[in-house]
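Reviewing the structure listed below.
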Amino acid sequence: MQWRKELGSSLTQSYDKVLAFSLILLFTSLVFNRSAAFIMIGAVVAFVSFSLIYDRLIGKGLTFQNKKHAYKMFPGDRIEVPLSFENQSRLPIINGRFQFKVGSEVQGEKYVVSQGDEWTRYEVPLTVVERGKTEWYVPFEAKRRGVTIIRDIHYSFPHLLNFHKIFLYYLPFHRLEFIVYPEPLPVYGIEERNHMTLGSQQARLSPFEDPVSPMGTRDYTSSDPFHRIHWKASARKQTLQTKVLEKNWDHTWSIVINLTDPSPGGHLNVSPNIEAVLSYAAYMCQLATKKGYPFELYINARKIGNPPFYYLPEGSGKEHLQKALELIARIKTRELVISFSVVLHRFDHQLYKPKTIFLLGGQSEEVKRYAHKWNRQKFRVYTVQDKGDFATLRNPLEKEDVYG
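So, in structure tokens, the structure goes:
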């Protein structure tokens, strides 16, 4: 069942009053032998009977489309959301008002009736035809990072016979989602700071070659090392041949994000700069995808499961970027957080190959200790320094920015 119907106390009271009036009229007609009053009583009884039948049947065949769908947007994007209804009843619903609430992550351009800091209520004029489908489009604009849904849905309309209001409250969880990605903010200097090492990513130009992945052979030259000679090919061609190996590299970015600010009492407070930090992370994910670099995300927002924080494993490509942006979008401003030490410890234990490490958010002495350790292990480590509408890179062991 999709709807819970409420007729309202005023409608019930009106029925009680009409029935009370009919009883008084019946008693009066019997006492004074007024036969004409029976006609009026019959009309009243018929009116009440038809009204009760209408109350029972109205809205019974009404369904509101509830397909799972996510609208994915950046701030400033505009969409039109269809509200689709199907009425299988012979009774139309006329001059109704369809109301719902949507989070302030998106803003409707029409039909707004009330607005708060977190939610906005909308009211759409809606008439549903009998035995047919009705569709209405509501325009929205993405305003700020986050994820929101349609909730508190109800449909009110006047009774066809007595004009009192009838309310239909939508019971299921509505599966439509608005996912607003963060607005990317640039991180200057990041394109010049990379760490390339032997790996599994194929490359046309690279100083690294995979010794177990030969691509073919070529004629031997005096500068070729002796162990690169392909003896079988040389015997077949009766001239020395050198193995041509597949060139590859590994160019992985590890983006490690701290959403907390250090506090004297040791409390975990969400940073007031959380939106800028996440916008820098979004820019870095986009840039890594553009360049074809794999990347991974570590974020100290608490979640159920293992690990107990937000984590996106290493990957690349547009689909991986979409997962990253959606993960960032789902982090709430009042998010429960976990100690950044837990994230750093887990990340340190999972480092099995050279990477370029970017640390975003609040920094501490512990971060510097890990940076020292990773530098000794030949990793490149940078912190992202917020400058307002952009950020720069800094070596955490130095005081000067790498760029900017």
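Numbering of the sequence shown is given in UniProt numbering, commencing with residue 1 and proceeding in unit increments. Note that beta-carbon positions come from the ideal geometry of N, C-alpha and C, so glycine has one too. Here the structure is a predicted model, which is why all the values come from computation and not from measurement.
From Ile58, Ile357 and Phe309, pick the residue whose C-alpha is nearest to that of isoleucine 338; which is it?
Phe309
DSSP state of phenylalanine 74, grouped into three classes?
coil
Starting from aspartate 386, trace the beta strand (DSSP E) in both directions and tell me its first and last residue.
380 to 386
Taking a contact to mean a Cβ-Cβ separation below 8 angstroms, would you say glycine 361 touches isoleucine 257 in this structure?
yes
When DSSP labels each residue in this structure, what does phenylalanine 309 get in the three-state scheme?
strand
Strand pairing of histidine 69, partner residues [DSSP]:
Leu176
Taking C-beta to C-beta, are phenylalanine 64 and glutamine 2 nearer than 8 angstroms?
yes
Ignoring anything shorter than 4 residues, give me the alpha helix (DSSP H) runs that lie fully in the stretch 301 to 376, in order along the chain.
318 to 329, 340 to 349 and 365 to 376
Is the distance from the Cβ of tyrosine 181 to the Cβ of alanine 288 below 8 angstroms?
no
May I have the straight-line CA-CA distance separating aspartate 386 from glycine 59, to the nearest angstrom?
55 angstroms
I'd like the list of long-range same chain contacts for alanine 142, defined as Cβ closer than 6 angstroms, with 5 residues on each side in sequence excluded.
Met73, Pro75, Asp77, Val106 and Val180
If we call anything under 8 angstroms between Cβ atoms a contact, is isoleucine 299 one with leucine 351?
no
Please classify valine 212: is it buried, with 16 or more other beta-carbons within 10 angstroms of its beta-carbon, or exposed?
A caution first: valine 212 carries a pLDDT of 46, below 50, which makes its placement in the model too unreliable to give a value.
Measuring alpha carbon to alpha carbon, tell me which residue in Glu191, Lys378 and Asn66 is nearest proline 172.
Asn66
Using 10 angstroms around the beta-carbon of valine 384, count the other beta-carbons present and answer buried if the total reaches 16, otherwise exposed.
buried
Excluding the 5 residues preceding and the 5 following asparagine 95 in the sequence, name in chain order all residues of the same chain whose CB lies nearer than 7 angstroms to its CB.
Thr127, Phe157 and Pro158
Starting from the C-beta of leucine 83, find all residues in its chain whose C-beta is less than 6 angstroms away, skip the five residues before and the five after it, and write them out in chain order.
Trp136
Could you spell out the range, first to last residue, of the beta strand (DSSP E) harbouring methionine 274?
The residue asked about is misnamed: residue 274 is isoleucine in this sequence, not methionine. First-last for isoleucine 274: 274 to 291, but that is the alpha helix (DSSP H), not the beta strand (DSSP E).
So, is serine 279 buried or exposed, given that buried needs 16 or more other C-beta atoms within 10 angstroms?
buried
How far does the beta strand (DSSP E) with lysine 133 in it extend, from its first residue to its last?
132 to 142
Tell me which same chain residues have a C-beta within less than 7 angstroms of the C-beta of leucine 7, skipping the five on either side of it?
Asp55 and Ile166
Which same chain residues end up closer than 7 angstroms to alanine 371 when comparing Cβ atoms and leaving out the 5 residues on each side of it in sequence?
Val381, Pro396 and Leu397
Nearest-angstrom Cα distance between tyrosine 170 and arginine 394?
53 angstroms
Among Gly116, Tyr111, Glu183 and Ala70, whose alpha-carbon lies nearest the alpha-carbon of isoleucine 149?
Ala70
So who's on the other strand from alanine 391, going by DSSP bridges?
Val187 and Asp386
DSSP three-state call for serine 89: helix, strand or coil?
coil
Using DSSP with H/G/I as helix, E/B as strand and the rest coil, what is lysine 232?
helix
Beta-ladder partner(s) of histidine 154, from DSSP:
Gln99 and Tyr169
DSSP-derived helix/strand/coil call for isoleucine 94:
strand
Candidates Arg302, Leu185, Gln286 and Ile304: which alpha carbon is nearest glutamate 296's?
Gln286
Helix, strand or coil: which one does DSSP assign to leucine 57?
helix
My guess is that arginine 369 and proline 307 are in contact by the Cβ rule of under 8 angstroms, so how many angstroms apart are they, rounded?
Contact doesn't hold; Cβ gap of about 21 angstroms is too wide.
Alpha-carbon spacing of glycine 388 relative to asparagine 269, whole angstroms:
21 angstroms
Hey, would you say alanine 391 sits closer than 8 angstroms to valine 187, going by beta carbons?
yes
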